[in-house]
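**Q**
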Ligand SMILES: [Fe+2]
Ligand SMILES: [Fe+2]
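Written as structure tokens, this is what we have:
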């Protein structure tokens, strides 16, 4: 099958994992990483020789059949805490732990991305009413999840985003001391915390619900990560606080360019589900659109409200703790708080459930 722009719609697993040749590999902080440079010295993301055109072809096909590609409103992205100005202040005043902690958390969260390869993908063709041949959906288990996992956590002797963030941190802040409780605290408060996953759609196959919920969650995290990457790039490229502004900036910019296929394949696959109908375990049929929208709505509400508050409060506690060694903790905290970005989440996620019949 081929797509609207005559790009093929079907790809083998090895194709979706293929990086093609590089003129020069990427070495970050002494670690061989994924990706590399072409003969002109331009960075090329890993595993995109076919994955890039494939995603464009699936998106073209979706639009060609009269459906739109869903997207998360960037206005939903909470501001960074500490923001760039606050982080600069901390570094200038010698209070480094909170910034080191934040950068280390980013690298750990990147590494967590590898769990996407462990998501059990059910027989989607059996649960989706309309055909799924030649879609991103049909390629999730056939290379897309694996490529994503490798990009985030590295593969074999090649580092991925986890190692690239560690290298950027160590270049800019000269191998700082890493607070010993980063992982522990994350497990208690942060994205590693296990929340009870309640079934929202008990009439759907459980694996189907889990794969769709995971994609909605990861898409939101990927979109919001852009704010953290922008923060990291601006902070670590500032010569006033960074020991290697150019090296650190370049690394973060490579990571950012690698992220684009993640956001794109996830929103494509979710849009493909939204354009179709799903079978229930009891022989019924539900619109995929309702399921996808509800999952995105819940995820976005959580990330922009309770989760954001919890993370901010936890970070502020660790900032206050780290300031204790400063000569004027109260004065510094006052200056730090004055720089905070005030933010209220938008009223709507854009994925609110459709109103009941006749309600407009
Ligand atoms: Fe990443
Ligand atoms: Fe990613």
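Residue numbers (the numbering used here): 1245 to 1604. For glycine and all other residues, C-beta sits at the position ideal for the given N, C-alpha and C.
(1) In terms of residues, what are the limits of the alpha helix (DSSP H) holding residue 1342?
(2) In chain order, what residues of the same chain have a beta carbon less than 6 Å from the beta carbon of residue 1259, not counting five sequence neighbours either side?
(3) Give the straight-line distance between the Cα atoms of residue 1262 and residue 1290, rounded to the nearest whole angstrom.
(4) Is it buried or exposed, residue 1348, if we count other Cβ atoms within 10 angstroms and call 16 or more buried?
(5) Do residue 1493 and residue 1481 have their C-beta atoms closer together than 8 Å?
(6) Can residue 1395 be considered in contact with ligand 2, in the sense that its beta carbon sits closer than 7 Å to one or more heavy atoms?
(7) Evaluate residue 1511 with the Cβ neighbour count: other Cβ atoms within 10 Å of its Cβ, from every protein chain shown; 16 or more gives buried, anything less gives exposed.
(8) In this structure, does DSSP put residue 1286 in helix, strand or coil?
(9) Considering only heavy atoms of ligand 2, does any lie closer than 7 Å to the CB of residue 1550?
(10) Just to confirm my understanding: we take residue 1421, look at its own chain, exclude 5 residues before and 5 after, and list those with CB closer than 6 Å. What are they?
(11) Looking at ligand 1, does it come within less than 7 Å of residue 1357, judged from the CB to the closest heavy atom?
(12) Any idea if residue 1486 is buried or exposed, counting beta-carbon neighbours within 10 angstroms, 16 or more meaning buried?
(13) Grab the span of the beta strand (DSSP E) containing residue 1272 for me, first residue to last.
(14) May I have the straight-line CA-CA distance separating residue 1327 from residue 1451, to the nearest angstrom?
(15) Within the same chain, show all residues whose beta-carbon is closer than 7 Å to that of residue 1378, passing over the 5 residues directly before and after it, in chain order.
(16) When the Cα of residue 1343 is compared with those of 1317, 1364, 1426, which residue comes out closest?
(17) Counting C-beta neighbours from all protein chains within 10 Å, is the total for residue 1431 16 or more, i.e. buried, or is it exposed?
(18) Would you please state the rounded distance, in angstroms, between the beta carbons of residue 1388 and residue 1380? I believe it to be under 8 Å.
(19) Hey, is the region 1311 to 1322 in contact with the region 1456 to 1475, meaning 3+ C-beta pairs nearer than 8 Å?
(20) Please report the residue range of the beta strand (DSSP E) in which residue 1392 lies.
(21) By Cβ distance, which residues of its chain are closer than 8 Å to residue 1373, with the 5 residues on each side in sequence left out?
(22) Are the beta-carbon atoms of residue 1495 and residue 1330 separated by less than 8 Å?
(23) Using only alpha-carbon positions, find the residue among 1507, 1267, 1526, 1472 that is nearest to residue 1296.
(24) Who does residue 1403 pair with in a DSSP beta bridge?
(25) Would you give the residue range spanned by the alpha helix (DSSP H) that residue 1297 belongs to?
(26) Can you determine whether any heavy atom of ligand 1 sits closer than 7 Å to the C-beta of residue 1564, and answer yes or no?
(27) DSSP has residue 1523 in a bridge; who is on the other side?
(28) Closer than 7 Å: is that where the CB of residue 1278 sits relative to any heavy atom of ligand 1?
(29) In this structure, how does DSSP classify residue 1535 when only helix, strand and coil are distinguished?
(30) Report yes if the CB atom of residue 1596 is closer than 8 Å to the CB atom of residue 1444, and no otherwise.
(31) Helix, strand or coil for residue 1252, going by three-state DSSP, please let me know.
(32) For residue 1271, count neighbouring C-beta atoms within 10 Å of its own C-beta (all shown protein chains included) and say buried if the count is 16 or more, exposed if not.
(33) For residue 1503, verify whether its CB is less than 7 Å away from any heavy atom of ligand 1.
(34) Is the region 1351 to 1364 close to the region 1405 to 1414, with three or more CB pairs under 8 Å?
(35) From 1325, 1285, 1301, pick the residue whose C-alpha is nearest to that of residue 1554; which is it?
(36) Where does residue 1273 land, buried or exposed, given buried means 16+ other C-beta within 10 angstroms?
**A** Taking the coordinates as given:
(1) 1341 to 1356
(2) 1294
(3) Residue 1262 and residue 1290 have their C-alpha atoms roughly 8 Å apart.
(4) buried
(5) A contact, by the Cβ cut-off of 8 Å.
(6) Correct: residue 1395 has its Cβ closer than 7 Å to ligand 2.
(7) buried
(8) Under the three-state reduction of DSSP, residue 1286 is assigned to coil, being neither helix nor strand.
(9) no
(10) none
(11) Result yes, Cβ under 7 Å from ligand 1.
(12) buried
(13) 1268 to 1272
(14) If I take the Cα positions, the gap works out to 38 Å.
(15) 1245, 1253, 1254, 1305
(16) 1426
(17) exposed
(18) 7 Å
(19) yes
(20) Here residue 1392 belongs to no beta strand (DSSP E); instead the alpha helix (DSSP H) covers 1389 to 1397.
(21) 1520, 1521, 1522, 1523, 1529
(22) no
(23) 1507
(24) 1277
(25) Judged by DSSP secondary structure, residue 1297 falls within the alpha helix (DSSP H) whose first and last residues are 1295 to 1308.
(26) Between ligand 1 and residue 1564, a heavy atom-to-CB distance of less than 7 Å is absent.
(27) 1529
(28) no
(29) helix
(30) no
(31) strand
(32) exposed
(33) yes
(34) yes
(35) 1325
(36) buried
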